[in-house]
Amino acid sequence: MESVGQGVREIRITCKDGAFRVFYVVKRSDGIYVLHAFRKTTEKTEKRDIDLAATRYKSLD
Numbered sequence: 046m047e048s049v050g051q052g053v054r055e056i057r058i059t060c061k062d063g064a065f066r067v068f069y070v071v072k073r074s075d076g077i078y079v080l081h082a083f084r085k086t087t088e089k090t091e092k093r094d095i096d097l098a099a100t101r102y103k104s105l106d
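Written as structure tokens, this is what we have:
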């Protein structure tokens, strides 16, 4: 998910309860950071979800 930040990845989960997404980034020296997890309700990822993950990504530095 480069629109969030460099190296950010996305996990997609689909089950009977719906679709879910998790944005995370691996910082080799520090560990794995989960930036945002949410239930997917539309086909396109909403801007507010991307913006929230991007803000959290920027706060890691």
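Numbers 46 to 106, taken from my numbering, label the letters of the sequence shown in order.
We put the beta carbon where it would ideally sit given N, CA and C, even for glycine.
No experiment lies behind these values; they were computed from the predicted model shown.
Counted within 10 angstroms of its Cβ, other Cβ atoms place residue i as buried (16 or more) or exposed
| i | result |
| --- | --- |
| V79 | exposed |
| V71 | exposed |
Residue i versus the options, residue with shortest Cα-Cα distance
| i | options | result |
| --- | --- | --- |
| R54 | K61, F68 and G63 | F68 |
| K61 | G50, K85 and S48 | K85 |
| I56 | D106, T90, S74 and R101 | T90 |
| T59 | I77, F83 and L105 | F83 |
| V46 | T87, F65 and A99 | First, the residue type needs correcting, since residue 46 is Met and not Val in the sequence shown. Taking only the C-alpha atoms, the option nearest M46 is A99. |
| L105 | T87, G76 and F65 | G76 |
Bridge partners - residue i, DSSP secondary structure assignment
| i | result |
| --- | --- |
| E55 | F68 |
| I77 | V71 |
Residue i in three-state terms, based on DSSP
| i | result |
| --- | --- |
| K89 | coil |
| R101 | helix |
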